[in-house]
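Working notes, structure below.
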Amino acid sequence: MRTAAPGCPVCRHVNFCYLPPVPPKKKIAVIPGDGIGKEVIPQAVKVLEASGAALDLTYFDWGADRYLKDGTTVPADGFAMLGRDFDAILVGAFGDPRVSSNVHAKEILLGMRFKMDLYANVRPVRLLDPSLCPLKGIEPKDVDFVVFRENTEGVYTDAGGVFKQGTADEVAIQEDINTRKGVERIIRYAYEYCAHNKKVDGSPRSRVLMCDKSNAMTHAGSLWQRAFKTVGAEYPQIKSDHMYVDALCMQLVRDPRAFDVIVTNNMFGDIITDVAAALQGGLGMAASGNIHPAKTSMFEPVHGSAPPLAGKNIANPMGAMLTSAMMLAHLGFSDAAQKIEAAVLDAVRQKKTTQDVGGTLGTKEVTEWIAKKLGS
Ligand SMILES: NC(=O)c1ccc[n+]([C@@H]2O[C@H](COP(=O)([O-])OP(=O)(O)OC[C@H]3O[C@@H](n4cnc5c(N)ncnc54)[C@H](O)[C@@H]3O)[C@@H](O)[C@H]2O)c1
30 MRTAAPGCPV
40 CRHVNFCYLP
50 PVPPKKKIAV
60 IPGDGIGKEV
70 IPQAVKVLEA
80 SGAALDLTYF
90 DWGADRYLKD
100 GTTVPADGFA
110 MLGRDFDAIL
120 VGAFGDPRVS
130 SNVHAKEILL
140 GMRFKMDLYA
150 NVRPVRLLDP
160 SLCPLKGIEP
170 KDVDFVVFRE
180 NTEGVYTDAG
190 GVFKQGTADE
200 VAIQEDINTR
210 KGVERIIRYA
220 YEYCAHNKKV
230 DGSPRSRVLM
240 CDKSNAMTHA
250 GSLWQRAFKT
260 VGAEYPQIKS
270 DHMYVDALCM
280 QLVRDPRAFD
290 VIVTNNMFGD
300 IITDVAAALQ
310 GGLGMAASGN
320 IHPAKTSMFE
330 PVHGSAPPLA
340 GKNIANPMGA
350 MLTSAMMLAH
360 LGFSDAAQKI
370 EAAVLDAVRQ
380 KKTTQDVGGT
390 LGTKEVTEWI
400 AKKLGS
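Every position in the sequence shown, counted from 1, becomes a number in the numbering used here once 29 is added.
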């Protein structure tokens, strides 16, 4: 029972409120970042607000402007604060031509993924309408798979170094870090997802495909192969498959129907999901989550800050909106998430879109249409 003194403003009872308890709002940290991130995130927030989900948003100015102003990339205790005080984080994108080293982007984005241990980069690949796919004869039911990219290891850890830099004898070493723990947990996360989730048409998910380059990268490849075999044996009802990354890229554009759940390392996942984004209508349509199932997770559109598009009201906000829907579903607001997805789908079908996906509207006008749809 909710107590209120001197009286509940809703039910007007003097001492107590007899309405059902109101669940606390979910606390969201919003970090728009740079370039088009600063444009698409406010649009995603309008849609979140129109969805009716109970959220309490706090904005952070982390990004190139802040870095250029006072040298801060991430304030002291920043990641601990995000993990402690928030239920989820909504991020735009980082990258600004004024910061040629990209140091702020690395420290904020990779810092969040690594230091908050957000080990599962989950990237759903779903075609909303045939008009968005560059392949002939492909229907929405043909493109409905999810890529699970290991998010805390691989070549992105920046392990390595240079020797005799700037000379003719220069050596550069970029290490590929793969731990048994890291590999096993992302593979298990992919199997768990496959076991408990359905495709958009309601049919069960049934196949996990591990993608590597174990024929050439034998040490890391052997670890991935052995971990895949061990974890796969725990899920006998799920078909386990394997492809080399080069063959997989070819198959993605030859016939995307072949895919259901893909699990792979950090770099291959990065590359595969840009190819896969093209199947959905481009980077402006692709959503992602950076997830640790027991910790505060972060959600961001797959695209970057696209500096040439920034400030022109032409960036597609749908990837950011679908990302917000992913975040809502993760937080337990599945009705609100489905409402946003349905409104975006409607906008695509009615061509209420930006130019990159065949429409004529601006970023803000697309949002107005979708927010109105959600309110109706
Ligand atoms: N997660 C991130 O923050 C992230 C991811 C990728 C790139 N980046 C950074 O972003 C900057 C630009 O990188 P890039 O050009 O390689 O990748 P990008 O994703 O920013 O843009 C590539 C191209 O995709 C298209 N595009 C992307 N998002 C779009 C949208 N919402 N609407 C319409 N078209 C869209 C545009 O044609 C754009 O030129 C770099 O600084 C890079 O490091 C950041």
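In this text, a Cβ means the ideal position worked out from N, Cα and C, and glycines have one as well.
Environment of residue i [buried if 16+ CB atoms lie within 10 Å]
i	result
Arg155	buried
Met30	Only weak support is given to the placement of Met30: the predicted model assigns it a pLDDT of 45, under 50, and the question is left unresolved by the model.
Pro61	buried
Gln309	buried
Thr32	Note on Thr32: pLDDT 49, under 50, position unreliable in the model; the coordinate value appears next. Exposed, since its Cβ has fewer than 16 Cβ neighbours within 10 Å.
Arg178	buried
Met279	exposed
Tyr218	buried
Ala34	Its pLDDT being 46, under 50, Ala34 is placed unreliably in this model, and the coordinates cannot settle the point.
His133	buried
Leu97	exposed
Ala58	buried
Asn150	buried
Glu407	Outside the modelled stretch of the chain, which goes from 30 to 405, sits residue 407, for which no answer is possible.
Arg214	buried
Leu357	buried
Ile320	buried
Glu199	exposed
Leu157	buried
Pro330	buried
Proximity test, residue i beta-carbon vs ligand 1 heavy atom, cut-off 8 Å
i	result
Ser334	yes
Pro330	yes
Gly124	yes
Thr383	yes
Ala134	yes
Pro71	no
Gly318	no
Ala344	yes
Ile301	no
Pro163	no
His147	Note that residue 147 corresponds to Leu in the displayed sequence, not to His. No; taking the cut-off as 8 Å, the Cβ of Leu147 has no heavy atom of ligand 1 nearer than that.
Ile369	no
Asn131	yes
Ile65	yes
Leu138	yes
Gly391	no
Leu415	Since the first residue of the chain shown is 30 and the last is 405, residue 415 is not available in this structure.
Gly387	no
Leu157	no
Leu338	yes
Gly166	no
Gly62	yes
Beta-bridge partners of residue i, as assigned by DSSP
i	result
Pro153	Val175
Asp270	Leu238
Tyr88	Val59
Ser317	Glu329
Lys380	Paired residues: none, contrary to the question.
Lys402	Partner(s): none; Lys402 has no beta bridge.
Lys373	Going by the sequence as given, residue 373 is Val instead of Lys. Paired residues: none, contrary to the question.
Lys393	Lys393 is not bridged to any residue.
Phe288	DSSP, once it has assigned bridges, lists no residue as partnering Phe288.
Leu119	Val59 and Phe328
Gly261	DSSP lists no partner for Gly261.
Gly190	Ile202
Thr293	Arg178 and Cys240
Option in the options with minimal Cα separation from residue i
i	options	result
Gly231	Pro159, Lys170 and Ile399	Lys170
Gln117	Leu403, Lys401, Asn342 and Pro322	Checking the sequence shown, residue 117 turns out to be Ala, not Gln. Taking only the C-alpha atoms, the option nearest Ala117 is Pro322.
Ala287	Lys268, Glu263 and His133	Lys268
Phe297	Pro265, Trp253, Ser326 and Gly261	Trp253
Gly124	Asp114, Arg113, Leu138 and Gly112	Leu138
Arg407	Phe174, Ile215, Asp284 and Glu213	The structure shown does not extend to residue 407, since the chain is modelled only from 30 to 405, so the question has no answer here.
Val260	Thr102, Pro52, Val292 and Gln203	Val292
Gly211	Gly190, Gly183 and Asp198	Gly183
Leu84	Asp275, Val74, Thr392 and Thr247	Val74
Asp375	Asp385, Thr396, Asp364 and Leu357	Thr396
Ile65	Pro126, Ala354 and Met355	Pro126
Lys135	Thr181, Asp99 and Ser160	Thr181
His332	Ala349, Asp90 and Ile206	Ala349
Ala188	His271, Gln194 and Ile206	Ile206
Glu68	Ser363, Gly388 and Gly340	Gly340
Val282	Gly404, Lys165 and Met314	Lys165
Gly140	Leu161, Leu157 and Ala105	Ala105
Arg378	Ser363, Ala366, Ala365 and Trp398	Trp398
Phe115	Asn342, Thr325 and Leu360	Thr325
Ser317	Gly190, Leu147 and Ala93	Leu147
Interface flag, residue i vs chain D, CB-CB below 9 Å
i	result
Arg127	Absence of chain D from the displayed structure is noted, only one protein chain being present.
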